[in-house]
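Novice: Here's a structure for you.
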Amino acid sequence: VDHEANGFHPTDILRDFDYGRTSRTEDGRVLREWDVYASDEEIEVAPGVKYPAWTFNGRIPGPTLRCTEGDRLRVHFHNGSEHPHTMHFHGMHPAEMDGIPGLGAGTIEPGGSTVYEFDAEPFGVHLYHCHVGPLAEHMARGLYGTFIVDPKQGRPAADEQVMVMHGFNTTFDGEGNQLYAVNGIPFHYMHEPVRVKLGELVRIYLINTLEYDPINSFHVHGNFFDYYPTGTRLEPTEFTDTIIQGQGQRGICEMRFKYPGKYMFHAHKTEFAELGWMGFFEVTE
Amino acid sequence: VDHEANGFHPTDILRDFDYGRTSRTEDGRVLREWDVYASDEEIEVAPGVKYPAWTFNGRIPGPTLRCTEGDRLRVHFHNGSEHPHTMHFHGMHPAEMDGIPGLGAGTIEPGGSTVYEFDAEPFGVHLYHCHVGPLAEHMARGLYGTFIVDPKQGRPAADEQVMVMHGFNTTFDGEGNQLYAVNGIPFHYMHEPVRVKLGELVRIYLINTLEYDPINSFHVHGNFFDYYPTGTRLEPTEFTDTIIQGQGQRGICEMRFKYPGKYMFHAHKTEFAELGWMGFFEVTE
Amino acid sequence: VDHEANGFHPTDILRDFDYGRTSRTEDGRVLREWDVYASDEEIEVAPGVKYPAWTFNGRIPGPTLRCTEGDRLRVHFHNGSEHPHTMHFHGMHPAEMDGIPGLGAGTIEPGGSTVYEFDAEPFGVHLYHCHVGPLAEHMARGLYGTFIVDPKQGRPAADEQVMVMHGFNTTFDGEGNQLYAVNGIPFHYMHEPVRVKLGELVRIYLINTLEYDPINSFHVHGNFFDYYPTGTRLEPTEFTDTIIQGQGQRGICEMRFKYPGKYMFHAHKTEFAELGWMGFFEVTE
Ligand SMILES: [Cu+2]
Ligand SMILES: [Cu+2]
Ligand SMILES: [Cu+2]
Ligand SMILES: [Cu+2]
Ligand SMILES: [Cu+2]
Ligand SMILES: [Cu+2]
Ligand code: NA
Ligand code: NA
Ligand code: NA
Ligand code: NA
Ligand code: NA
Ligand code: NA
Ligand SMILES: [Zn+2]
Ligand SMILES: [Zn+2]
Ligand SMILES: [Zn+2]
Ligand SMILES: [Zn+2]
Ligand SMILES: [Zn+2]
Ligand SMILES: [Zn+2]
Ligand SMILES: [Zn+2]
Ligand SMILES: [Zn+2]
Ligand SMILES: [Zn+2]
């Protein structure tokens, strides 16, 4: 897969947090601003397999927008695609900022733009996606990304990573996926393992945007993680090595590797794993 | 859709709690009694689409039976359908009151009747449904309803609502659903939004009775809710905007809207949403 | 079904815990050793229906390996099958003991053997399975079993049982299951109910190894259970009568029956129930 031609690289996406441009509001709060562009892109998703994607900022998944609870957020959305789109955020916000057809700015036509502005709440790991119909296709084509709201007090220092679980319906039959991936490219982290340090806290912001299939799943080998569903509380609810998520669900996985070496992570839905949703952690001292 | 011809209206079902007829048992406890009738009904589920349903009390979902833990419950079940049926309750009860073929009164033939009698426990949000085989068809045809057992101390005052998530297999192929709904009619709350007050506590008793599909899902826009799985504890386990439920699972969602306006709620399984499982809250001061 | 010809009996598997051969390590810890054999076996899964299974120790599910946290574990694995296999444990262990192709001993060819050795952690209910590709087939053929790590302080005395939920793809189309079961034989506990004592604590180690389907589910009639996901904590997270598990998920269900009689337990996915995943508890004084 030609990452340069694709214009993005899953290894970079893993730890790429976009904090936006910061300034202050009149009442002294932090204001964060981003420009997000929708565009139609041909992406090589497997050697020789080109997928006509719809993207935010030219990548799948879109940029990881990150802020702190209480910040004021302003997202300048520009639709450079040939199809109508929106940005709908999971998070609290007024109805007119919801990014769905018929409310506020509503559907943004090709060449159009709008501004979504709201307060960052609640803290947790969230997501955004286009909400234009047919919704299944606008999801399946690649229009989703991660939205992290940090708690004011922060979280303990960690090697922080984002993993967006998704798929590609390369036949466009609207009935399932022929390829599965985390962060854009099937099997990528098999070839380029995720490098982590022995004993260090690893924090994964895990999001499921998979279209068509009823659930997705995350399993790690040889290790266990604390799981924080939606990341909205500072205490974990579960200590496990396998979780499932429906579309739109997300959570934080925190783990430390006790031994060096290579450890698989993959969907424990074997079909997804064998069609691309698998990778390795490589643990070194 | 002609709600009058159907004989029930989803807007009414939402807040329709049936506490039964109350009296006292010899030992001074509250005795609640209900009459529930099974019947075969043709229901208009989409404009011009008639579905040959099997119902409890002529509606889909059946009546929301509500009581308090420790009450004595007596359900007089009358089978006015042309098919054999039972009422099986999720809840604690002796085996002979379980409402399944071969135990206690067993299968209730057309024209027959029986009485199910047991104590109300544990508190939480539960369900009842017919348990005659083929079970998939007796579920899919519409034979389910909500069973709420309130804790003795009650719950905080709220705008209380019931949402039963289900579907219609209009082709009768036994392989899936062509329409999805909450409280009987696909897309109903798109046309008649659920009206709620700004800042008021909204408590949704959410039940999944969907047949054929492995999971269902509930997502609310622009807001988050506390989630109480099965409603059997007074502390929530999760603060989120998206949950999944397998068939027979249920829980309580508590939320307050901070801003006025219209907010979608729908399955975050886009297929279900686009085939009817979507609606609006309309928030006013 | 001819259990003797099959060589295993689901009623026995239910309460059959294999603690291995114990001795002491040089530093005084408990060392547990097991021999596990992979073999190809024809199993009668329904009257007259023979399934060409791949098994651990000649049974489906494989032996329930049980130990205490902190024990040293040594599993002598012998591949007597005509296909290559491994044993991959869910649990913490060094990469070279992970039981996957390409790491440590890697794939064990027919006639080959290896030793997996690691410390028992964390406490909880886990599983093991073959990890050779095509992974879906090596799961579907029957190569899985339960791995229980007891907490040092133990758990309260109970009638302990293991239930492994799985299926049989008797058409070998790789697209789903035609039969569903718990502990090897569809409908078995309908004919031979699980006998339990009134009022006694029943503890079920519940594991989902079902291939092809996205989730599995467990429901009990007339009763509720405390649920401990993955069994890694001593406090339950939920009190319910219905849970779902993706493949590789597992947990502990604790319940007491208050009334005598027969109570169904089954997947609340009706397809699975009607194709074999149902049974009875029989509660006596
Ligand atoms: Cu879109
Ligand atoms: Cu594993
Ligand atoms: Cu029925
Ligand atoms: Cu939303
Ligand atoms: Cu295998
Ligand atoms: Cu039940
Ligand atoms: Na697929
Ligand atoms: Na492992
Ligand atoms: Na469907
Ligand atoms: Na939203
Ligand atoms: Na099946
Ligand atoms: Na029951
Ligand atoms: Zn779009
Ligand atoms: Zn969404
Ligand atoms: Zn694996
Ligand atoms: Zn019936
Ligand atoms: Zn049920
Ligand atoms: Zn939506
Ligand atoms: Zn194998
Ligand atoms: Zn596994
Ligand atoms: Zn049942």
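Chains as they are written, first to last, in this note's numbering: chain V, 1 to 285; chain Z, 286 to 570; chain U, 571 to 855.
Yeah, the Cβ is synthetic: ideal placement off N, Cα and C, and Gly gets one too.
(1) Is it the case that the region 95-105 of chain V contacts the region 55-62 of chain V, given that we only count it when at least three CB pairs across the two stretches are under 8 Å?
(2) Cβ atoms of V/T209 and V/Y289: under 8 Å apart, would you say?
(3) Does ligand 2 have a heavy atom nearer than 7 Å to the CB of U/H663?
(4) Do V/V1 and V/P47 have their C-beta atoms within less than 8 Å of each other?
(5) For ligand 2, any of its heavy atoms closer than 7 Å to the Cβ of V/H221?
(6) Do the region 712-726 of chain U and the region 689-698 of chain U meet, that is, are 3 or more Cβ pairs less than 8 Å apart?
(7) Check whether chain Z comes within 8 Å of V/M163, counting only Cβ atoms and requiring the distance to be less than that.
(8) Between the C-alpha atoms of U/R585 and V/W54, what's the straight-line distance to the nearest angstrom?
(9) Spell out whether any CB of chain Z is found under 8 Å from the CB atom of U/D783.
(10) With a threshold of 7 Å, establish whether the CB of V/H88 neighbours any heavy atom of ligand 4.
(11) Starting from the Cα of V/R203, find the closest Cα among V/T170, V/F172, V/F257 and give me that residue.
(12) Can you check whether the C-beta of V/K258 is within less than 8 Å of a C-beta belonging to chain U?
(13) Is there a Cβ from chain Z that is less than 8 Å from the Cβ of U/E808?
(14) Drop a sphere of 10 angstroms on the beta-carbon of V/V132, count the other beta-carbons inside from all chains shown, and report buried for 16 or more, exposed for fewer.
(15) Specify the secondary structure class of V/T68 as computed by DSSP and reduced to three states.
(16) What does V/M264 touch in chain U if you count any residue whose Cβ is under 7 Å from its own?
(17) To which residues of the same chain is V/G248 closer than 8 Å at the C-beta, ignoring the five residues directly before and after it?
(18) Measuring straight from C-alpha to C-alpha, what distance separates V/A181 and V/H191?
(19) If you follow the beta strand (DSSP E) that V/H219 is part of, which residue opens it and which one closes it?
(20) Run through chain Z and tell me which residues come within less than 9 Å of U/E805, C-beta to C-beta.
(21) From Z/N364, Z/F557, Z/I500, pick the residue whose C-alpha is nearest to that of Z/V321; which is it?
(22) Among V/I244, V/E109, V/I148, which residue has its Cα nearest to the Cα of V/C67?
(23) Would you mind reading off the limits of the beta strand (DSSP E) that contains V/I60?
(24) When the Cα of V/T22 is compared with those of V/R141, V/D71, V/G246, which residue comes out closest?
(25) Which chain Z residues are close to V/A136, counting only those with a beta carbon under 7 Å from its beta carbon?
(26) Using a cut-off of 7 Å between C-beta atoms, extract the partners of Z/P514 located in chain A.
(27) Can you grab the Cα-Cα spacing for the pair Z/L560 / V/F225, in whole Å?
(28) Grab the span of the alpha helix (DSSP H) containing Z/H375 for me, first residue to last.
(29) Is the beta carbon of V/H138 within less than 7 Å of some heavy atom of ligand 14?
(30) Do V/A95 and Z/G507 have their C-beta atoms closer together than 8 Å?
(31) Between the beta-carbon of Z/L491 and the beta-carbon of Z/G452, is there less than 8 Å?
(32) Hey, quick one: how far does the alpha helix (DSSP H) through V/N6 stretch, first residue to last?
(33) Taking only three categories from DSSP, how would you classify U/E852?
(34) Would you kindly work out how many angstroms separate the C-alpha atoms of Z/G531 and V/H3, rounded to a whole number?
(35) Can you tell me whether DSSP reads Z/T392 as helix, strand or coil?
(36) Looking at the secondary structure, which residues open and close the alpha helix (DSSP H) in which Z/Y474 lies?
Specialist: Walking through what the data contain:
(1) Per the Cβ contact rule, the region 55-62 of chain V is not in contact with the region 95-105 of chain V (fewer than 3 Cβ pairs under 8 Å).
(2) Nothing about residue 289 of chain V can be read from this structure; chain V reaches only from 1 to 285.
(3) Position 93 of the third sequence, counting from 1, holds the residue named residue 663 of chain U. U/H663 Cβ: outside cutoff for every heavy atom of ligand 2.
(4) Position 1 of the first sequence, counted from the first residue, corresponds to residue 1 of chain V. Position 47 of the first sequence, counted from the first residue, corresponds to residue 47 of chain V. V/P47 is positioned such that its CB atom lies closer than 8 Å to that of V/V1.
(5) If you number the first sequence from 1, residue 221 of chain V lands on position 221. Yes, the Cβ of V/H221 comes within 7 Å of a heavy atom of ligand 2.
(6) yes
(7) What you label residue 163 of chain V is simply residue 163 of the first sequence in a count that begins at 1. Answer no: the Cβ-Cβ gap between V/M163 and chain Z never drops below 8 Å.
(8) For this step, residue 585 of chain U is matched to residue 15 along the third sequence. For this step, residue 54 of chain V is matched to residue 54 along the first sequence. Roughly 54 Å separates the two Cα atoms.
(9) For the purposes of this step, residue 783 of chain U is identified with residue 213 of the third sequence, where counting begins at 1. It does; some Cβ of chain Z falls within 8 Å.
(10) Against the first sequence, residue 88 of chain V aligns to sequence position 88. Answer for V/H88: yes, Cβ within range of ligand 4.
(11) Stepping through the first sequence from its first residue, residue 203 of chain V is reached at position 203. Of the listed residues, the one whose Cα sits closest to V/R203 is V/F257.
(12) Working through the first sequence from its first residue, we reach residue 258 of chain V at position 258. Residue-level contact check: V/K258 touches chain U, since one or more beta carbons of chain U fall below 8 Å from its beta carbon.
(13) For this step, residue 808 of chain U is matched to residue 238 along the third sequence. Output row for U/E808: interface = yes.
(14) Along the first sequence, read from residue 1 onward, the residue named residue 132 of chain V stands at position 132. With 16 or more Cβ atoms within 10 Å of its Cβ, V/V132 is classed as buried.
(15) Residue numbering aside, residue 68 of chain V sits at position 68 when the first sequence is read from its first letter. Of the three classes helix, strand and coil, the one that applies to V/T68 here is strand, per DSSP.
(16) Taking the first sequence and counting its residues from 1, the one referred to as residue 264 of chain V is at position 264. Residues of chain U passing the Cβ test: I670.
(17) Within the first sequence, the letter at position 248 stands for residue 248 of chain V. Excluding positions up to five away in sequence, the list reads H90, L127, N208, T209.
(18) Translated into the one-based positions of the first sequence, residue 181 of chain V becomes position 181. Translated into the one-based positions of the first sequence, residue 191 of chain V becomes position 191. Going by the C-alpha atoms only, they are around 13 Å apart.
(19) The count along the first sequence starts at 1 and reaches residue 219 of chain V at position 219. 216-220 is the span of the beta strand (DSSP E), which, as asked, contains V/H219.
(20) In the third sequence, residue 805 of chain U corresponds to position 235, counting from 1. Correct list: empty, because the minimum Cβ distance to chain Z is about 12 Å.
(21) On the second sequence, residue 321 of chain Z is found 36 positions in, with the first residue counted as 1. Residue Z/N364 is the option with its Cα nearest to Z/V321.
(22) Here the question's residue 67 of chain V lines up with position 67 in the first sequence. Here the closest residue by C-alpha is V/I148.
(23) Here residue 60 of chain V corresponds to residue number 60 of the first sequence, with the count starting at 1. V/I60 -> no beta strand (DSSP E), and no H or E assigned at all.
(24) To locate residue 22 of chain V, count along the first sequence from 1; it is residue 22. Closest option to V/T22, Cα to Cα, is V/D71.
(25) On the first sequence, residue 136 of chain V is found 136 positions in, with the first residue counted as 1. The answer, in chain order, is T555, E556, E559.
(26) This model lacks chain A altogether, as its protein chains are V, Z and U.
(27) On the second sequence, position 275 is the one that residue 560 of chain Z refers to. On the first sequence, position 225 is the one that residue 225 of chain V refers to. C-alpha of Z/L560 to C-alpha of V/F225: approximately 37 Å in a straight line.
(28) Taking the first residue of the second sequence as position 1, residue 375 of chain Z is located at position 90. From DSSP, Z/H375 is part of no alpha helix (DSSP H); its letter is neither H nor E.
(29) The residue you call residue 138 of chain V lines up with position 138 of the first sequence. The beta carbon of V/H138 sits no closer than 7 Å to any heavy atom of ligand 14.
(30) As a working note, residue 95 of chain V is residue 95 in the first sequence. As a working note, residue 507 of chain Z is residue 222 in the second sequence. In contact: V/A95 and Z/G507 (Cβ atoms closer than 8 Å).
(31) For this step, residue 491 of chain Z is matched to residue 206 along the second sequence. For this step, residue 452 of chain Z is matched to residue 167 along the second sequence. Result no, Cβ atoms of Z/L491 and Z/G452 do not sit closer than 8 Å.
(32) What you label residue 6 of chain V is simply residue 6 of the first sequence in a count that begins at 1. 3-6 is the span of the alpha helix (DSSP H), which, as asked, contains V/N6.
(33) Reading the third sequence from its first residue, position 282 is the one you call residue 852 of chain U. Residue state, collapsed to three classes: strand.
(34) On the second sequence, position 246 is the one that residue 531 of chain Z refers to. On the first sequence, position 3 is the one that residue 3 of chain V refers to. Cα-Cα distance, rounded: 39 Å.
(35) Along the second sequence, read from residue 1 onward, the residue named residue 392 of chain Z stands at position 107. In the structure shown, Z/T392 sits in coil (DSSP, three-state: anything other than H, G, I, E or B).
(36) Here residue 474 of chain Z is taken as the residue at index 189 of the second sequence, counted from 1. First-last of the alpha helix (DSSP H) with Z/Y474: 473-476.
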